[in-house]
Amino acid sequence: MNKFAQKLKDHSISLRRGRPEILQVNVGKLCNLTCVHCHVNAGPKRKEIMAHETIDRVLEWLNETEIPVVDFTGGAPEMIPDFRYFIERVKTLENPRHVIDRCNLTILLDPGYEELPEFFAKHKVEIIASMPCYTPENVNMQRGEGVFEGSIAALQRLNSLGYGIEPELPLNLVYNPVGAFLPGRQAELESNYKRELKGHFGIVFNKLYSITNLPIGRFAAYLRHKAKLEEYMELLISAFNPATIDGLMCRNTLSVGWRGEVYDCDFNQQLDMQWVNGRALFLWDLDPDAIDNREIMTGNHCFGCTAGAGSSCGGAIV
460 MNKFAQKLKD HSISLRRGRP EILQVNVGKL CNLTCVHCHV NAGPKRKEIM AHETIDRVLE
520 WLNETEIPVV DFTGGAPEMI PDFRYFIERV KTLENPRHVI DRCNLTILLD PGYEELPEFF
580 AKHKVEIIAS MPCYTPENVN MQRGEGVFEG SIAALQRLNS LGYGIEPELP LNLVYNPVGA
640 FLPGRQAELE SNYKRELKGH FGIVFNKLYS ITNLPIGRFA AYLRHKAKLE EYMELLISAF
700 NPATIDGLMC RNTLSVGWRG EVYDCDFNQQ LDMQWVNGRA LFLWDLDPDA IDNREIMTGN
760 HCFGCTAGAG SSCGGAIV
């Protein structure tokens, strides 16, 4: 039994899935950036991308469900060849779904992707954009030189199309700590972001989501290099908050990998904690009405989502 499972047992908590409300699809590990905090180990040389045939199988399964939200992540999800096809098909299903794109912003400036903001606006795609700080020093330290300036330009472009302004074009930002510490209070961070981005660059957005860096992937390697992995794990464990359990994303989000395999969350996906039932399970193996109450697979990394105010794809939990 891992330490997190033991902690749940000590608190008499059974962590099980509810009805799926979000299908989060990680379409691959290809990315135009190589960020220090990336739990996916994504980068420009990664070859893992979702194939056209897999996309069609995901769409076929999704069409038989009532899951209302499709959440695209990566890597930079926009870089797979069939990205636009995927979104267009989701939007033309018998029961069209709300679509989220988790965007690193700089991809919107790269050659071949310049028209994506108009594409997103046309299809009413919600943008959740990585923005680890409102100062160039912190952003460029975590994500690479010039990323801050590119992110600002992309946000201004999105604002010019109505993102963050029009109700049907939500623009939300994501804050990740730039080191081995927990996020500050989300409401306070949001207020600071809105003041600084509006005051210096004229940028507006809807919400800020604060997300704890989990000690896996490239961030775990960074912690090991700094000899801080054990210290960071102790921080997460000591900050365990049972009040976060009901709001954990693994309870209402179904995670799908680039080959179509199924996981409880994107973090479990990167650790290859795949659902099995005598063999590995893929999305099209599942009865969408038989997912409720399934026990969630856990590991010590789960302390990252239950520390302090908690952490989910939608930010702080409590």
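Counting with the working numbering, you get residues 460 to 777 for the letters of the sequence shown.
All C-beta atoms in this analysis are idealised placements derived from N, C-alpha and C, irrespective of residue type, glycine included.
Do Ile675 and Leu713 come within 8 Å of each other at the CB atom, strictly closer than that value?
To locate residue 713, count along the sequence shown from 1; it is residue 254. To locate residue 675, count along the sequence shown from 1; it is residue 216. No, Cβ-Cβ distance for Leu713 and Ile675 is not below 8 Å.
Suppose you measure from the CA of Gly763 to the CA of Gln645; what does that come to, to the nearest Å?
Indexing the sequence shown from 1 puts residue 763 at position 304. Indexing the sequence shown from 1 puts residue 645 at position 186. Going from the Cα of Gly763 to the Cα of Gln645 covers about 16 Å.
Are the beta-carbon atoms belonging to Gly603 and Gly534 less than 8 Å from one another?
As a first step, residue 603 must be located in the sequence shown, where it is residue number 144. As a first step, residue 534 must be located in the sequence shown, where it is residue number 75. Inclusion of Gly603 and Gly534 in the CB contact set at 8 Å is not warranted, their separation being larger than that value.
Going by the CB atoms, is the gap between Met732 and Met756 shorter than 8 Å?
Along the sequence shown, one-based indexing puts residue 756 at 297. Along the sequence shown, one-based indexing puts residue 732 at 273. A contact, by the Cβ cut-off of 8 Å.
Contiguous alpha helix (DSSP H) assignments of at least 4 residues, all confined to the region 665-697
676-684 and 688-697
Compute the distance between the beta-carbons of Met509 and Ile539, then report whether it is under 8 Å.
Here residue 509 refers to the residue found at position 50 of the sequence shown. Here residue 539 refers to the residue found at position 80 of the sequence shown. Yes, the Cβ-Cβ distance between Met509 and Ile539 is below 8 Å.
Coarse secondary structure for Phe531, derived from DSSP in three states
Within the sequence shown, the letter at position 72 stands for residue 531. Strand at Phe531.
Is Ile587 helix, strand or coil by DSSP?
One-based indexing of the sequence shown puts residue 587 at position 128. Strand.
What is the rounded straight-line gap between the Cα of Ala464 and the Cα of Leu474?
By one-based count along the sequence shown, residue 464 stands at place 5. By one-based count along the sequence shown, residue 474 stands at place 15. Rounded to whole angstroms, Ala464 to Leu474 spans 9 Å at the Cα level.
Going by the CB atoms, is the gap between His498 and Leu673 shorter than 8 Å?
Indexing the sequence shown from 1 puts residue 673 at position 214. Indexing the sequence shown from 1 puts residue 498 at position 39. Yes, these two residues count as a Cβ contact at 8 Å.
How would you call Ala702, buried or exposed, if buried means at least 16 neighbouring beta carbons within 10 angstroms?
The residue you call residue 702 lines up with position 243 of the sequence shown. Label assigned to Ala702: exposed.
Does the region 693-701 touch the region 758-775, meaning 3 or more C-beta pairs lie closer than 8 Å?
Flag = yes, the region 758-775 and the region 693-701 touch.
Quick check: the Cα distance between Glu596 and Ala679, rounded to an integer number of angstroms?
Counting from 1 along the sequence shown, the entry for residue 596 is found at position 137. Counting from 1 along the sequence shown, the entry for residue 679 is found at position 220. When rounded, the distance between both Cα atoms is 22 Å.
Going by C-alpha distance, which of Pro536, Arg654 and Asp746 is nearest Ile566?
Walking along the sequence shown from the start, residue 566 turns up at place 107. Ranking the options by Cα distance to Ile566, first place goes to Pro536.
When the distance is taken between beta carbons, is Gly502 closer than 8 Å to Cys490?
In the sequence shown, counting from the first residue as 1, residue 490 sits at position 31. In the sequence shown, counting from the first residue as 1, residue 502 sits at position 43. It is a contact, given that the beta carbons lie within the stated cut-off.
Going by Cα to Cα distance, which pick from Lys687, Glu655 and Tyr622 is closest to Asn665?
In the sequence shown, the residue the question calls residue 665 occupies position 206. Selected option, being the one with the closest Cα: Tyr622.
DSSP three-state call for Phe741: helix, strand or coil?
Position 282 of the sequence shown, counted from the start, is the residue given in the question as residue 741. It is a strand residue.
Return the CA-CA distance between Ile586 and Glu690, expressed in angstroms with no decimal places.
As a first step, residue 586 must be located in the sequence shown, where it is residue number 127. As a first step, residue 690 must be located in the sequence shown, where it is residue number 231. Taking the straight line joining both Cα atoms gives about 34 Å.
Which residue's Cα is closest to the Cα of Glu647: Glu627, Asn599 and Tyr668?
Here the question's residue 647 lines up with position 188 in the sequence shown. The shortest Cα separation from Glu647 among Glu627, Asn599 and Tyr668 belongs to Tyr668.
What are the residues that DSSP puts in a beta bridge with Thr493?
As a first step, residue 493 is located in the sequence shown; it is residue number 34 there, counting from the start. Under DSSP, Thr493 shares a beta bridge with no residue.
Look at Thr532 and Arg561 and say whether their C-beta atoms are less than 8 Å apart.
Residue mapping note: residue 532 aligns to position 73 of the sequence shown, counting from 1. Residue mapping note: residue 561 aligns to position 102 of the sequence shown, counting from 1. Taking 8 Å as the Cβ cut-off, Thr532 and Arg561 qualify as a contacting pair.
Where do the ends of the beta strand (DSSP E) carrying Ser610 lie?
Residue 610 sits at position 151 when you count from the first residue of the sequence shown. Not the beta strand (DSSP E): Ser610 falls in the alpha helix (DSSP H), residues Val606 to Ser619.
Out of Glu553, Asn461, Lys504 and Asp541, state which residue places its alpha-carbon closest to the alpha-carbon of Ile526.
The residue you call residue 526 lines up with position 67 of the sequence shown. Considering only alpha carbons, the answer is Glu553.
Report all residues from its chain with a CB closer than 8 Å to the CB of Ile662; omit the five preceding and five following residues, and keep chain order.
As a working mapping, residue 662 is identified with position 203 in the sequence shown. These residues qualify, in order along the chain: Ile611, Leu614, Gln615, Asn618, Gly623 and Leu656.
With C-beta atoms as the reference, is Met590 less than 8 Å away from Val633?
The count along the sequence shown starts at 1 and reaches residue 590 at position 131. The count along the sequence shown starts at 1 and reaches residue 633 at position 174. It is a contact, given that the beta carbons lie within the stated cut-off.
C-beta atoms of Val517 and Val558 nearer than 8 Å
The residue you call residue 517 lines up with position 58 of the sequence shown. The residue you call residue 558 lines up with position 99 of the sequence shown. In this structure, Val558 does not lie closer than 8 Å to Val517 by Cβ.
In the DSSP assignment, what residue or residues form a beta bridge with Ala782?
Given a span of 460 to 777 for the chain in the structure shown, any question on residue 782 remains unanswerable.
With burial defined as no fewer than 16 other Cβ atoms inside 10 Å of the residue's Cβ, what is the status of Ser771: buried or exposed?
Here residue 771 refers to the residue found at position 312 when the sequence shown is read from its first residue. That one is buried.
Backbone secondary structure at Tyr722 - three-state DSSP
If you number the sequence shown from 1, residue 722 lands on position 263. DSSP places Tyr722 in strand when its eight states are reduced to three.
Would a check of beta-carbon distances place Lys581 closer than 8 Å to chain C?
Although the question refers to chain C, the structure presented lacks it and comprises just one protein chain.
Just the C-alpha distance for Leu620 and Glu577, rounded to the nearest angstrom, thanks.
Your numbering for residue 620 matches position 161 in the sequence shown. Your numbering for residue 577 matches position 118 in the sequence shown. Each residue's Cα considered, the two are about 7 Å apart.
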